[in-house]
Amino acid sequence: MLSVRFEGICKDFGTVRVLYDVGFSIQKGEVHALIGENGAGKSTLMKILGGYHAPSAGQIFVNGEAVQFHDSKAAEELGIVLIHQEFNLAEDLSIAQNVFLGRELHRGFLLDEATMNKKTVAALEQVGLQLDPRRKLRSLIVAEKQLVEIAKALSRNAKLLIMDEPTATLTPDETQTLFKLIAQLKAEGVTILYISHKLEEVKALSDTVTVLRDGRHIQTAPTQDLSQQEMANLMVGRELSDMFPPKTAPEQPKTVFQAERVSVPGWAREVSFELRRGEILGFAGLVGAGRTELFEGILGLRPRTSGRFALEGRPIDLKSPSQALEQGIVYLSEDRKGKGLHINMALRPNLTLMALERYAHPLLDTSAEARAFAENANRFNIRGGSAEAKASALSGGNQQKLALAKILHPDPKVVILDEPTRGVDIGAKREIYFLIQGLAQRGKSVIVISSELIELIGLCHRLVVMRGGRITGLLDQQEMSEPEIIAYATGLKGSHATA
Amino acid sequence: MHGVLRGLVVMGALLLMAAFAQNKVIMGVSIPAADHGWTAGIVYWANQTKGELEKKYPGIQVIVKTAKDASEQANQIQDLVTVNKINTLVILPYESAPLTKPVAAAKAKGVFVTVVDRGLTDPNAQDAYVAGDNPGLGRVSAEYMAKQLGGKGNIVILRGIPTVIDNQRYDAFMEVMKKYPGIKVLDQKYANWNRDDGFKVMQDFLTRFKQIDAVWAQDDDIAVGVLKAIDEAKRTDIKFVLGGAGMKEMIKKVMDGDKLITADVTYPPRMIQDAMMLTAEARVTGKPMKTPTIIPSVLVTKENAKEYYFPDSPF
Amino acid sequence: MLQPEKPATKSSKIRFNLSGWGPLLGLILLCILATLLNPAFISLDNVFNVLTRTAFTGIIAVGMTFVIISGGIDLSVGSMAALIAGVMILVMNALEPRLGGGTFTVLVGMLLAVGLGAIFGVLHGLIITKGQIEPFIVTLGTLGIFRSFLTYLSQGGAITLQQDLSDRYSPVYYGAFLGVPIPIWVFLAVALIGGLVLNRTRFGRYVQAIGSNEQVARYAAIRVDRIKILTYVILGICVALATILYVPRLGSATPSTGLLWELETIAAVIIGGTSLRGGSGRITGTVVGAILLSTIGNVLNLTSIISVYLNAAVQGIVIIIVAFLQRGRR
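Residue numbers (UniProt numbering), protein chains in the order written: chain A, 1 to 499; chain B, 1 to 315; chain C, 1 to 330.
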């Protein structure tokens, strides 16, 4: 049994302060939920407790005693184990090797594989898994890996488990299994600190809730005293009634961009659609429907076997992103860190990268760039870093706003957004929705690819549904509903259509 | 019937030819590729001698192979034995140790082996040894310098690459210098037998020492760099620079009575010619070959420079 | 939606970034030590000697900085310099009977050198980008190719510039302007232009963006292949400039010309704080790194407290110490 108390915890990363004087307690044997928007400081706080970061100021007490962790091992010795969002497992080792990583059992000079395997089976049973301990981690599905991670923690005598968004990658069934396990662990006296975005989970699972916002402790209260709406309001710091801006119809239904019979081998077959001025056109579909690949093909980022395009009635050639940019067409990738932003570069050069010619006379005017950044930081509400801070220092939501500001900086006519709110907290989501709406109102044409149906319904004027690389449905505002979209996306409705 | 007879005749002829081939001298010559001036000289003289030998002894066949490193040279030796069926091998080994075994294997197959310049680690792997005289080069150089300086003065030394050859030259030089307490060796640094390093090291020597009477550059390539450095610094205290090996440009300077290059000491790449000649003679006549044969390092001065000047050689 | 920006923390602008000064600190320490060991070190002549020597590798290192920041590498620079030097001398010698041994012939030679450097650069760039072969492998290949062509042209010996041309050409290395040797001026100019191009032009920004994350750069509509090819062209031209300064020094090209320059230049770039993985780097760091490397050799020649057999060890130790001083930049 283990209790924890935080007192006056502050944390600075370089010049950026991410935690301000945080103090609250976690009681023995409870399930304690920690909620907050992206960038609120949840993960940082948990890493401090797990021994991965040292606090810049403040003190942690475990069972009433002041402690200092030099590394995660020191925290583990007290029974505090952090289960990472991205698992801390070696993919090429076996389950048993992972469970015993760093504290292998020996018999003489040799490893005692037999005993380790046997003990691993027992540890796996504790979490309800029946797997061969010799299997390679690589061969497991995500949910199994997570359970292995928990089994590993338990086999190390964990008394406090920190779970960072454990259900983010799980199916509903797997989530239920995890919840049962959490209940069982709680009954066995393990204290659990649970970080999540999903408020209904928090409501169902936790005894106590702590809310962080902008690095500050807002409230700690029994879960039963707070409704989901109240939690959300505490996280954002304001009422969240209006997520989506009111829709305004595009004033002139003039076609701006036309794509005809676009084929991307393996992903899209003979796709045609048109995009109007001031319109937000949604693209819905299941994972693997070929939406991202279709647009990467259109931009010339993937090989394309057919396809003709016209901009404002005049045929254009699209072979590369730079050619598209010359025509005023920009694309924001769904993969923010891998394709969207230079995480290791400062905010200023990230913002101006696609419109550098504006600052080259022929030498770059860096002070004009800095002014542009200040202006855009204000307009897009990018918080958390100076113009010269690295993009990696920003929270997910602020990174996404920066990425949006970047592709909009060259003042494009056609804006293609792929999962514009992925990994972004509620507050930033709302800002992004208003931003997209604002673009349409100013006469830009926007394409939104998204897996969140509510988002598409709340935002789009028209909606294209894709399935297996083809367009199966085109819905107008009146026809948009979740069941209807799913019907087209899964093949219950619609054969082939042209948008 | 006819067919059988013809077959027998052909077979007989083949056997005869094979027997003849046994007596015929097939000489493989394995040398390093031309990667600096001296080895370029080796390649030149080897090819030159091939022509002379084939003219002199009509039956002889000479195959010259160059290698860019020790392992390539080892493979070439194998090929020479198995593919070209050589019965005589003249080899200038890239390095001694890694080539000892391959050469021994060739000898075990009955190939007569003459090793040139760099001895093998196991002398039993060779039938004859022809070499330049490294200690001699150091000794002759030291004696010349001591004489020219009248037994008194400051000298600096630019060495080659840390190897046995360099040590033999240096040690013999210093041994002679012991007899001349009036000559002070200010310092010695490696210049890696190349011009650029010769230039750099000499420049720094000039910065460091205000009075230098003579320079032992040990090698003609280094001497080229040394001369440029002296020229640029406009220093007049240096009376002469002594190189080594016998590069044609340096011999020419000696011949023309250059102010700084008053002499040179040979370590001639032409030794490959001597080795090939002596080996061929021994093989054709069947007389034993004198081993080891040492090609002495000779002092070249204005008087005898003509004999050592080969304008067609690259070195 | 409009919320006040979080105030940027004050200390960010005031705080002194010690780690970035590591190489310079190392150089200064080395210079102080050298002066104590032998006061001749600090004499103007010696300082000019060292800087003039540094010019070759320093100029190449400036070009190499671009290539490495963009995520590439070029191992062939030393061999390329040797081949350019050899071809340049052969052509000048061949032109001499027709064009005379004057300035014009020398100028033709210089132009040829720059052209060759640029062509080699384009060649590298095309094979690497369009052929999609690792730069390490491509330039390892050309390292061998360039040097063997030079060896072939020289028949293993030296290619020597004719005396009249050599006399006309030699001021380019041995001459001085305002008392400072020409190679130092050229080095300075290349470094300044390099710094300006890297930090203050679109091209420089694109180079950094590509090195930081090539995918992101591609998605941001940067013509990645074109920029990469250009970095190799710049490097090729830098090699040509270095060769133009090198040839008049000894008036000859030999198979040992430019030997190991690739290691020296890459080391200078990395010591100067550029990441071998690309993304970020500084020209000033590269310049300091190059000077530091040639200073080590100079100090060792000026003193004899350490056995000559240990020269390489001393170099290694200094390099590691400097790397320590600038640790934490990443």
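We put the CB at the ideal spot given by N, CA and C, even for glycine.
*asked:* From the DSSP secondary-structure annotation, give me the bridge partner or partners of SER445 of chain A.
replied: For SER445 of chain A, which the question treats as bridged, DSSP gives the partners A:VAL414.
*Look at the alpha carbon of LEU83 of chain C and the alpha carbon of GLY194 of chain C, and state the distance between them as a whole number of angstroms.*
The alpha-carbon atoms of LEU83 of chain C and GLY194 of chain C are separated by roughly 24 Å.
*asked:* Restricting to Cα atoms, I'd like to know which of A:THR255, A:SER306, A:ARG291 is closest to GLU270 of chain A.
replied: The candidate whose alpha carbon is nearest that of GLU270 of chain A is A:SER306.
*Per DSSP, SER263 of chain A forms a beta bridge with which residues?*
Bridge partners of SER263 of chain A: A:SER306.
_CB contact flag (ALA70 of chain B, SER30 of chain B, <8 Å)_ = The answer is no: Cβ separation not under 8 Å.
*asked:* Given this structure, state the Cα-to-Cα distance separating ALA245 of chain B from ASP220 of chain B, to the nearest angstrom.
replied: Rounded to the nearest angstrom, the two C-alpha atoms are 6 Å apart.
*For VAL318 of chain C, which three-state DSSP category applies?*
VAL318 of chain C falls in the helix class under three-state DSSP.
*What are the uninterrupted segments assigned as alpha helix (DSSP H) that are 4 or more residues long and contained completely in the region 209-286 of chain C, given in chain order?*
Runs of the alpha helix (DSSP H) lying entirely within the region 209-286 of chain C, each at least 4 residues long, are 214-219, 224-250, 261-271 in chain order.
_Status (buried if at least 16 other CB within 10 Å, exposed otherwise) for TYR206 of chain C_ = TYR206 of chain C comes out buried.
*Grouping DSSP H, G and I as helix and E and B as strand, with all else coil, what is ALA21 of chain B?*
Note that ALA21 of chain B has pLDDT 46, beneath the 50 cutoff, so the model's placement of it is unreliable and no number is given.
*Could you name the residues of the same chain whose beta carbon sits closer than 6 Å to that of LYS152 of chain B, not counting the 5 residues immediately before and after it, in chain order?*
Once the five neighbours on either side are set aside, the close Cβ partners of LYS152 of chain B are GLY182.
_Please tell me whether ARG282 of chain C has its Cβ less than 8 Å away from any Cβ of chain A._
Taking 8 Å as the CB threshold, ARG282 of chain C stays off the interface with chain A.
*Using the Cα positions of GLN399 of chain A and SER392 of chain A, report the straight-line distance between them to the nearest angstrom.*
Rounded to whole angstroms, GLN399 of chain A and SER392 of chain A show a C-alpha spacing of 8 Å.
_Proximal residues of chain A, C-beta to C-beta of GLY279 of chain C below 7 Å_ = Identification of chain A residues near GLY279 of chain C by a Cβ-Cβ cut-off of 7 Å yields ASN344, ordered along the chain.
*So SER141 of chain B is in the alpha helix (DSSP H); what residue range does that whole segment cover?*
Run containing SER141 of chain B: 134-149, per the alpha helix (DSSP H) assignment.
*From A:ALA143, A:THR191, A:GLU149, A:LYS152, residue whose alpha carbon lies closest to that of ASP173 of chain A*: Relative to the Cα of ASP173 of chain A, the nearest Cα in the group A:ALA143, A:THR191, A:GLU149, A:LYS152 belongs to A:ALA143.
*Do you know how far the Cα of LEU27 of chain C is from the Cα of TYR309 of chain B?*
If you take the alpha carbons of TYR309 of chain B and LEU27 of chain C, they lie about 48 Å apart.
*Check whether the Cβ atoms of GLY285 of chain C and ILE69 of chain C lie closer than 8 Å to each other.*
Against a cut-off of 8 Å, the Cβ pair of ILE69 of chain C and GLY285 of chain C comes out as no contact.
*For PRO296 of chain B, which three-state DSSP category applies?*
Coil.
*asked:* Three or more C-beta pairs under 8 Å: does that hold for the region 308-320 of chain A against the region 254-264 of chain A?
replied: Output reads yes: the region 254-264 of chain A touches the region 308-320 of chain A.
*asked:* DSSP has VAL156 of chain B in a bridge; who is on the other side?
replied: Secondary-structure assignment with DSSP links VAL156 of chain B through a beta bridge to B:ASP187, B:VAL215.
*For TYR152 of chain C, does the count of other Cβ atoms within 10 angstroms reach 16, so buried, or fall short, so exposed?*
The residue is exposed, with fewer than 16 neighbouring Cβ atoms inside 10 Å.
*Span of the alpha helix (DSSP H), counted from its first residue to its last, around HIS124 of chain C*: Per DSSP, HIS124 of chain C belongs to the alpha helix (DSSP H) from 103-129.
*Quick one, which of C:LEU310, C:ILE305, C:ILE291 has its alpha-carbon nearest PRO23 of chain C's?*
Scanning C:LEU310, C:ILE305, C:ILE291 for the CA closest to the CA of PRO23 of chain C turns up C:ILE291.
_Could you compute how far the alpha carbon of THR208 of chain A sits from the alpha carbon of ALA33 of chain A?_
C-alpha separation (whole angstroms): 6 Å.
*Along the region 45-79 of chain A, what residues have a CB closer than 7 Å to any CB found in chain C?*
Answer set for the region 45-79 of chain A: empty.
*Counting only the same chain and skipping the five closest in sequence on each side, list residues whose C-beta sits under 8 Å from that of VAL318 of chain C.*
Excluding positions up to five away in sequence, the list reads GLY26, LEU30, LEU292, ILE296.
*asked:* Report the CB separation of GLY157 of chain C from ALA40 of chain B in whole angstroms; it is logged as a contact under 8 Å.
replied: Their Cβ separation, rounded to whole angstroms, is 4 Å, which keeps GLY157 of chain C and ALA40 of chain B in contact under 8 Å.
*Establish whether the CB of LYS339 of chain A and some CB of chain C are separated by less than 8 Å.*
Judged by the 8 Å Cβ criterion, LYS339 of chain A is in contact with chain C.
*Can the beta-carbon of ILE187 of chain C be found less than 8 Å from the beta-carbon of GLY58 of chain C?*
The sequence shown places Phe at residue 187 of chain C, not Ile. The answer is yes: Cβ separation under 8 Å.
*Going by CA-CA distance only, name the one from B:GLY138, B:ALA280, B:ALA128 that's closest to ALA172 of chain B.*
Closest option to ALA172 of chain B, Cα to Cα, is B:GLY138.
*asked:* Among the candidates B:ALA106, B:ASP133, B:MET27, whose CA atom is the shortest distance from the CA of THR293 of chain B?
replied: Of B:ALA106, B:ASP133, B:MET27, the residue nearest in Cα terms is B:ASP133.
*Quick one: which chain C residues come within Cβ less than 8 Å of TYR144 of chain B?*
Neighbours of TYR144 of chain B on chain C: none; closest Cβ ~24 Å, over 8 Å.
_Short of 6 Å in beta carbon distance, which residues of its chain neighbour ARG304 of chain A, apart from the five on each side in sequence? Order them along the chain._
Excluding sequence neighbours, ARG304 of chain A sits near VAL264, GLY297.
*Can you have a look at ASP264 of chain B and say buried or exposed, based on whether 16 or more other CB atoms are within 10 angstroms of its CB?*
Flag for ASP264 of chain B reads buried.
*How many angstroms separate the CA atom of ASN167 of chain B from the CA atom of GLY102 of chain A?*
Between ASN167 of chain B and GLY102 of chain A, the C-alpha separation is close to 52 Å.
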